[in-house]
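When you line the sequence shown up against full-length UniProt numbering, it's residues 1 to 538, in that order. In what follows, a single structure is set out as structure tokens and then discussed.
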Amino acid sequence: MVLALLASLPRSRLAAVQRRIAPLLQFDVLGLLPDEMALQVLSYLPFEALLTCALVSRRWRMLADDQSLWRVLCTEQRWEWRNPPVPRDRGYVSDLDDAEDSDDEGMGDEEDSELAVQDMLLDDSGFSSMLVDPASVSLTSTRGPEVVIPRRRDRESTRRNSASASLLPQRSTSPSGPDYKLLHQTHTKIHNRILSGSYRLYNLQTSNALNSHTNAIYCLQLYTYPETGVQVLFTGSKDRSIREWDLVTGAVTRVIADAHESSVLSICVHDGILVSGGSDWQVTAWDLKSNTRIKSIRDHRDSVLCVRYDGRRLASCSKDRTVRTYLMPNFTPHHVLYCHRAAVNAVAMSATHIVSASGDRSIRLWDAETGTLLRTFENHHGRGIAAIDFRPPVILSGSSDKHLRLLDITTSKGWSTAPDFIRTLDTANETVCETCGNTTRVATAAENVRSPGWPRAHEDLVRSVALSAEFVVSGSYDYTVKVWNRKTGALVADLAGGHNGRIFCVGFDRAKVVSCGEDQRICIWDFSHGMDTSFVKL
């Protein structure tokens with residue numbers, strides 16, 4: 001009867017009835033729930049769905065924008081809110097004298113005959129080095145290093161004369177309290193810019209700039225002061241100095257002049273302590289708060305190529321083919337790790353393990369407490385290994401063979417940019433030598449798979465690598481910096497055009513990539529340009 005009545009009505013009347021009935025048929029289940037239950041339901045949604053929910057109604061927007069939901073999403077990604085940093089007032093000093101040559105002292109020789117080594121020195125194939133004559137390096141310095149923080153007038157003069165176009169832009173003031181939705185959206189936008197290769201290139205230093213390094217820059221590290229939240233950049237150079245840079249103004253805020261008697265090859269900063277290694281065979285530690293040198297160690301018998309420090313332990317490696325470890329806070333000698341057959345070019349460590357990489361093409365895994373050699377990865381690359389990074393259980397390496405390799409030491413799976421790389425290794429058929437820790441096995445034909453992105457690999461020695469939870473960054477003698485997908489090894493971004501010389505070191509955080517090299521340039525590839533990142537913990 002009702003249907004017959006409705007059927008007899010004209011279309012205009014039916015439309016009016018439909019408009020009256022529609023609200024009675026719509027039932028907002030989520031909107032009628034108590035806030036606690038509604039938020040529990042929304043907590044199972046990804047961030048894209050939350051953004052869609054916010055468009056439904058005011059009630060849904062209020063629920064979808066709740067900070068508790070976005071805080072959980074940020075925590076899952078390990079994205080932390082940072083309170084506004086407290087600005088520091090620092091300065092700089094004038095340039096130092098030029099060094100003499102442009103060889104890469106930060107690399108040791110490969111495991112080859114003496115004649116082959118001499119050939120490499122002549123054609124600079126990637127492992128050239130300026131050898132240090134022991135007779136020319138005194139055991140004690142007659143002139144102590146100078147740590148200078150200049151007068152305010154000098155600082156203001158430098159900042160006025162700095163090239164503003166080369167500096168990172170000033171960030172706006174962050175929100176008064178944590179806004180986790182804003183934090184998540186900011187990280188997501190930066191992430192998408194990395195994937196699309198959208199960046200702005202700044203030159204923090206160019207050759208002959210005011211108060212800049214006067215020779216090749218071998219090493220760098222981004223560092224955030226824990227007491228102020230201010231992020232700075234430390235660099236070490238062939239000009240024997242270590243410099244600290246303000247990333248906002250571009251000014252040099254600290255110079256440790258004559259930090260070493262010759263080139264500064266490696267630095268590591270942690271919890272207010274800066275440790276450096278040089279071609280003068282020394283490892284030196286500096287207290288940044290008091291601006292004083294607290295320790296100099298001369299145990300190695302050749303150039304110290306890499307140093308790492310985590311507050312509990314100091315590790316150094318050298319052209320003398322050894323790794324040495326020291327226990328903090330007294331720098332107590334702990335272990336001398338032998339086994340490599342060529343210079344140990346890089347060392348990395350975790351709380352329980354030490355990883356070393358050498359020109360002998362091997363990577364070795366050591367027990368940090370006992371010094372026991374746990375595993376040896378022989379012929380890990382086709383040529384000597386120049387750089388490593390270690391985030392357990394993953395080891396990332398770069399080599400003179402022009403390629404990167406990533407390996408999960410628990411599963412023996414990973415990827416490489418080499419075209420003939422065996423992509424997946426099954427540990428079931430693997431034999432481990434109890435004496436040397438070497439692993440050997442024969443791969444099946446099904447495992448011989450070309451890794452993704454190999455046609456766009458580096459064209460020269462991979463000098464520096466850095467590893468994060470999602471990306472891998474590499475710097476090469478081919479003048480380029482590349483960003484790779486950590487999981488797949490696919491090339492994400494090719495950062496070319498910043499350098500006109502070999503790249504010696506790269507570093508990065510969640511918003512930018514920093515690189516330095518023999519052209520004396522410090523390049524910042526900023527993926528957060530035009531964005532407020534003052535609240536982002538980088």
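Note that CB positions come from ideal geometry on N, CA and C, so glycine has one too. Please read these numbers as outputs of a predicted model, since none were measured by experiment.
Counting only the Cα atoms, Leu265 lies some 20 Å from Asp460. Taking every protein chain shown into account, the CB of Tyr338 has fewer than 16 other CB atoms within 10 angstroms, so this residue is exposed. Between the alpha carbons of Leu204 and Val252 lies a distance of about 10 Å. In terms of Cα proximity to Phe471, the closest of Cys74, Arg193, Ala54, Ala38 is Arg193. Relative to the Cα of Phe331, the nearest Cα in the group Lys319, Leu314, Leu63, Pro10 belongs to Leu314.
With contact defined as three or more Cβ pairs closer than 8 Å, the stretch 389-398 and the stretch 368-376 are not in contact. For Ala386, there is no enclosing alpha helix (DSSP H); the enclosing beta strand (DSSP E) has its first and last residue at 385-391. Nearest to Gly108 by C-alpha distance, out of Arg502, Val473, Ser303, Ser412, is Ser303. As the crow flies, the alpha-carbon of Ser400 is around 18 Å from that of Leu407. With a 10 Å radius around the Cβ and a threshold of 16 neighbouring Cβ atoms, Thr480 comes out buried.
No Cβ-Cβ contact shorter than 8 Å links Gly311 with Tyr218. The alpha-carbon separation between Leu288 and Tyr225 amounts to approximately 10 Å. Take the alpha-carbon of Thr188 and the one of Val462: they are about 29 Å apart.
In this structure Gly277 is in contact with Cys306, their Cβ atoms being roughly 7 Å apart against a cut-off of 8 Å. The criterion of a C-beta distance shorter than 8 Å is not satisfied by Ala511 and Phe535. DSSP places Ile409 in no alpha helix (DSSP H); its state is neither H nor E. In the three-state reduction of the DSSP assignment, Asp401 falls in the coil class, being assigned neither a helical nor a strand state.
Rounded to the nearest whole angstrom, the C-alpha separation of Leu404 and Leu396 is 7 Å. DSSP, reduced to helix, strand and coil, places Thr480 outside both helices and strands of the structure shown, so it counts as coil.
Shortest Cα-Cα distance from Pro419 to any of Ala49, Gly384, Ala457 involves Ala457. Contact check for Gly359 against Ala346 fails: the beta carbons are separated by 8 Å or more. Proximity to Arg383 across Ile524, Glu111, His499, Ser350 peaks at Glu111, based on C-alpha coordinates.
Counting every other CB atom within 10 Å of its CB across the protein chains shown gives Ala466 a total of 16 or more, marking it as buried.
For Thr249, DSSP records no beta bridge to any residue. Around the beta-carbon of Gln520, 16 or more other beta-carbon atoms lie within 10 Å, marking it buried. In this structure, His213 and Trp70 do not form a Cβ contact; the two beta carbons are roughly 43 Å apart against a cut-off of 8 Å. Around the CB of Phe27, fewer than 16 other CB atoms lie within 10 Å, so the residue is classed as exposed. With contacts defined as CB atoms closer than 8 Å, Ala64 and Leu42 qualify as a contacting pair.
A buried status is given to Asn211, since no fewer than 16 other beta-carbon atoms sit within 10 Å of its beta-carbon.
Put simply, the backbone Cα of Arg324 is about 5 Å away from that of Ser316. Judged by beta-carbon spacing, Ser362 lies within the 8 Å limit of His340, meaning their Cβ atoms are closer than that value.
When secondary structure is reduced to three states using DSSP, Cys339 falls in the coil class, being assigned neither helix nor strand. Taking the Cα of Pro84 as reference, the smallest distance to any Cα among Arg301, Ser237, Gly229 is reached at Gly229.
Glu48 sits exposed, since fewer than 16 C-beta atoms from the chains shown fall within 10 Å of its C-beta.
Distances from the alpha-carbon of Gly475 to those of Ala490, Gly507, Lys487 put Gly507 closest.
The DSSP-derived three-state label of Asn83 is coil.
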